[in-house]
């Protein structure tokens with residue numbers, strides 16, 4: 068079949084019109100699709116970058132969290148140790164207070180007892196006329212008296228010197244002091260009695276033991292009275308008087 072020129076022209080014209088329609092209709096859609104593909108790719112890249120940043124932030128946060136937890140654990144450990152030390156110190160302080168309280172109670176009781184001395188023994192050390200030297204017998208008397216103190220570390224020795232009434236009163240006062248001094252020297256140097264434990268005084272011709280009108284009476288008055296005192300709680304026996 069032979070087409071006429073007119074028919075061919077019509078077909079050509081119709082084909083051209085279809086292509087033009089396709090170009091005008093499809094091209095914009097394709098362009099939009101291409102744009103969406105581009106945007107999708109860009110979004111994908113942004114999402115990837117965001118994921119990377121998030122991962123890094125999470126990693127840093129995990130590190131900081133772990134560090135904070137470690138610091139908290141160390142702080143708790145230190146707090147526990149401090150509390151333990153505080154508890155120990157508190158216990159030791161309580162023990163010390165209890166011990167000190169008990170010690171103070173004992174000390175107070177001891178001080179009360181110490182203010183209540185009782186005589187343990189007494190010796191009358193006789194001297195020759197106008198003499199202040201100790202005789203061997205006098206030294207034996209002192210040794211026997213101090214032996215009654217035993218192992219006690221707390222005691223008092225009272226030393227009182229006297230004379231008869233022969234001579235001036237002021238001379239006799241000094242003589243009685245010399246006699247007391249002689250006894251104190253013997254107590255300290257020979258018998259190791261500490262000076263802090265000795266109380267002495269010279270009383271001269273006052274407080275005679277016997278009548279000064281007789282020879283025997285005057286002999287008894289030329290004396291030093293030495294008395295050993297111990298705390299009442301330690302006395303334990305009657306006074307020994309020789």
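Numbering (my numbering), first residue to last: 68 to 309.
In this text, a Cβ means the ideal position worked out from N, Cα and C, and glycines have one as well.
Computed from a predicted model, the values in this text were never measured in an experiment.
With contacts defined by Cβ atoms closer than 8 Å, residue 285 and residue 276 do not form a contacting pair. Each residue's CA atom was taken as its position, placing residue 251 and residue 241 some 15 Å apart. In the three-state reduction of the DSSP assignment, residue 284 falls in the helix class, which pools H, G and I. Rounded to the nearest angstrom, the gap between the Cα atoms of residue 256 and residue 158 is 49 Å. Counting only residues of its own chain and dropping the five nearest sequence neighbours on each side, residue 294 has a CB closer than 6 Å to the CB of 186, 189, 225.
Sequence-distant Cβ neighbours of residue 270 in its own chain, meaning closer than 7 Å and more than five residues away, are 227, 228, 229, 243.
Spatial neighbours of residue 212 in its own chain (CB-CB distance under 7 Å, excluding positions within 5 residues in sequence) are listed in chain order as 188, 190, 293, 295.
According to the DSSP secondary-structure assignment, residue 184 is paired through a beta bridge with 298.
Judged by beta-carbon spacing, residue 231 lies beyond the 8 Å limit of residue 267, meaning their Cβ atoms are not closer than that value. With contacts defined by Cβ atoms closer than 8 Å, residue 263 and residue 184 do not form a contacting pair.
The criterion of a C-beta distance shorter than 8 Å is not satisfied by residue 253 and residue 193.
Put simply, the backbone Cα of residue 198 is about 13 Å away from that of residue 205.
Note that the C-beta distance between residue 216 and residue 222 is below 8 Å.
DSSP places residue 227 inside the beta strand (DSSP E), whose first and last residues are 223-228. Residue state for residue 193 is assigned as strand, using DSSP reduced to three classes. Annotated as proximal: residue 258 and residue 210, with beta-carbon spacing under 8 Å.
The secondary-structure analysis by DSSP pairs residue 234 with nothing; it has no beta-bridge partner.
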